[in-house]
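A short worksheet on the structure shown next.
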Amino acid sequence: MQYDRIVTHDDFDGIASAALAGYFLEIENFAFAGPNDIIHSRISTSGFDIVCDLPYPLQGGMWFDHHVANFDDLELRGFDQGEIPGLRKLAPSCARVIVDFFAEEFEIDQELEQIAAAADVIDTFGYESIEQWRTETPASRIDCAIKVREGTISDRREFLCWMCLALMDQSLEQVAATDEVAVRADRFRAEEESMLAFVGKEMGFLDEAGEIILLDFSEHTRKARIVKNLAQIHAPESLAVLEVSPLFRRRLRTNDLSFSMSLTLAGQRHYAQFDIGEIMRTLDIGSGHPGAASGVVKSGSRAEMERNRAKTLEKIKEIWEEQKGNKE
Numbered sequence: 364m365q366y367d368r369i370v371t372h373d374d375f376d377g378i379a380s381a382a383l384a385g386y387f388l389e390i391e392n393f394a395f396a397g398p399n400d401i402i403h404s405r406i407s408t409s410g411f412d413i414v415c416d417l418p419y420p421l422q423g424g425m426w427f428d429h430h431v432a433n434f435d436d437l438e439l440r441g442f443d444q445g446e447i448p449g450l451r452k453l454a455p456s457c458a459r460v461i462v463d464f465f466a467e468e469f470e471i472d473q474e475l476e477q478i479a480a481a482a483d484v485i486d487t488f489g490y491e492s493i494e495q496w497r498t499e500t501p502a503s504r505i506d507c508a509i510k511v512r513e514g515t516i517s518d519r520r521e522f523l524c525w526m527c528l529a530l531m532d533q534s535l536e537q538v539a540a541t542d543e544v545a546v547r548a549d550r551f552r553a554e555e556e557s558m559l560a561f562v563g564k565e566m567g568f569l570d571e572a573g574e575i576i577l578l579d580f581s582e583h584t585r586k587a588r589i590v591k592n593l594a595q596i597h598a599p600e601s602l603a604v605l606e607v608s609p610l611f612r613r614r615l616r617t618n619d620l621s622f623s624m625s626l627t628l629a630g631q632r633h634y635a636q637f638d639i640g641e642i643m644r645t646l647d648i649g650s651g652h653p654g655a656a657s658g659v660v661k662s663g664s665r666a667e668m669e670r671n672r673a674k675t676l677e678k679i680k681e682i683w684e685e686q687k688g689n690k691e
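The opening position of the sequence shown corresponds to residue 364 in this note's numbering, with each subsequent residue numbered one higher.
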């Protein structure tokens, strides 16, 4: 089949995946989405689309992914994964899945391998230390540029398309040195400084031992734009960060809550001990990786939301303690 478009996640791994798939298949037409856009069919897809780093849509062509929960969901929906072209497997990044797939047919250029290696680290938060995480690299500058959300939806799409095409033709170093990336990356770094101060003011702990940093924005009337991992700069010995936020629809706050949790760099040292994705699956509110996952708890009223919030936080703490106890 002649594929004519790549539909990909709008984060670093998704952009890297689109650039790699586009390079090997000579496709320069891209669309960008988040997982919920696919789940709720907010974007039209067809059998001519290549889907990267996202759940498989109602209609699609080739599919590359590394999220185990998406594989399980596909079976529940009655799809035969073996009949879908592409490759799905547990890997640090979707970009790595794509490189492994095309390595069966092509020799992988070093610059393309560097893109996949960068995605491996960024998508798993696989840094050795806070210092390494905060050290500026070509990949981190590109990641910062991708995270900037300003202007219109059309402006963002245009930039992400440009980024995919640039990575198809140039190295990480060359793309990171462009004015397009520099302006956006510097802007995001400035935003991060404000985020860091805000997080330090808002953070607390879910447990008495201070293992789980809690960022509870459930009472906020405006969406808090933060990078939750910044919290570990204030508490480097903590093992995980949990963010609780209300969901907004058409800029209006709802009674539904998002629970987003990830291991910190200190927590990564206990990676085999904890499984954040399993916590969300046990609660039946979402899924994710062992190192990071999220879920949504819906409520019909404000009072129910407050009860569900307290209940969910308590259950997360209980499952965390169970996982810790099982390994000790």
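Ideal placement from N, C-alpha and C gives every residue a C-beta, glycine not left out.
By how many angstroms is the C-alpha of residue j removed from the C-alpha of residue i?
i, j, result
"ARG459", "ALA479", "5 angstroms"
"ILE576", "LYS452", "31 angstroms"
"TRP683", "ASP367", "45 angstroms"
"GLN713", "ASP638", "Since the first residue of the chain shown is 364 and the last is 691, residue 713 is not available in this structure."
"GLU600", "VAL590", "18 angstroms"
"CYS415", "TRP525", "17 angstroms"
"SER623", "GLU606", "5 angstroms"
"ASP463", "SER650", "25 angstroms"
"GLN686", "PHE465", "38 angstroms"
"THR645", "ARG670", "19 angstroms"
"MET425", "SER409", "10 angstroms"
"ARG547", "ARG497", "17 angstroms"
"LYS674", "PHE393", "42 angstroms"
"GLY567", "SER404", "37 angstroms"
"GLU582", "SER517", "32 angstroms"
"GLN473", "PHE387", "14 angstroms"
"ILE461", "VAL431", "16 angstroms"
Hey, would you say residue i sits closer than 8 angstroms to residue j, going by beta carbons?
i, j, result
"ALA508", "VAL484", "no"
"THR487", "PRO455", "yes"
"LEU528", "GLU391", "yes"
"HIS372", "LEU417", "yes"
"ILE369", "ILE413", "yes"
"SER625", "ALA598", "no"
Who are the near neighbours of residue i in its chain, counting only those whose CB is closer than 6 angstroms to its CB and skipping five residues on each side?
i, result
"LYS586", "PHE611"
"SER608", "PHE580 and SER621"
"ASP532", "none"
"ALA379", "ALA458, ILE478 and ALA482"
"ASP400", "ILE406"
"GLY640", "SER650, GLY651, HIS652, PRO653 and ALA656"
How far does the alpha helix (DSSP H) with residue i in it reach, from first residue to last?
i, result
"ILE478", "473 to 487"
"SER409", "Counting along the chain, SER409 falls outside any alpha helix (DSSP H), and DSSP gives it neither H nor E."
"SER456", "Element bounds for SER456: n/a, residue is neither H nor E."
"ASN433", "431 to 439"
With residue i and residue j assumed to form a contact (beta carbons below 8 angstroms), what rounded beta-carbon distance in angstroms separates them?
i, j, result
"LEU383", "ILE493", "No, LEU383 and ILE493 are not in contact; Cβ-Cβ is about 29 angstroms, not under 8 angstroms."
"ILE642", "ALA656", "7 angstroms"
"LEU450", "PHE427", "6 angstroms"
Grab me the residues of residue i's own chain with a C-beta within less than 7 angstroms of its C-beta, minus the 5 sequence neighbours each way, in chain order.
i, result
"LEU437", "TYR419 and GLN444"
"ALA502", "ALA481, ILE485 and LEU535"
"GLN570", "Sequence inspection shows Asp at residue 570; the Gln mentioned does not correspond to that position. Answer for ASP570: LYS680, listed in chain order."
"PRO398", "LEU417 and PRO418"
Looking only at its own chain, which residues have a Cβ that is under 8 angstroms from the Cβ of residue i, when we skip the five neighbours before and after it?
i, result
"ASN618", "PRO609, LYS661, SER662, GLY663, SER664, ARG665, GLU667 and MET668"
Between which two residues does the beta strand (DSSP E) carrying residue i extend?
i, result
"VAL607", "603 to 612"
Is residue i near the ligand SAH, going by C-beta to nearest heavy atom under 7 angstroms?
i, result
"MET566", "As far as ligands go, the structure on display features none, and thus does not contain the ligand SAH."
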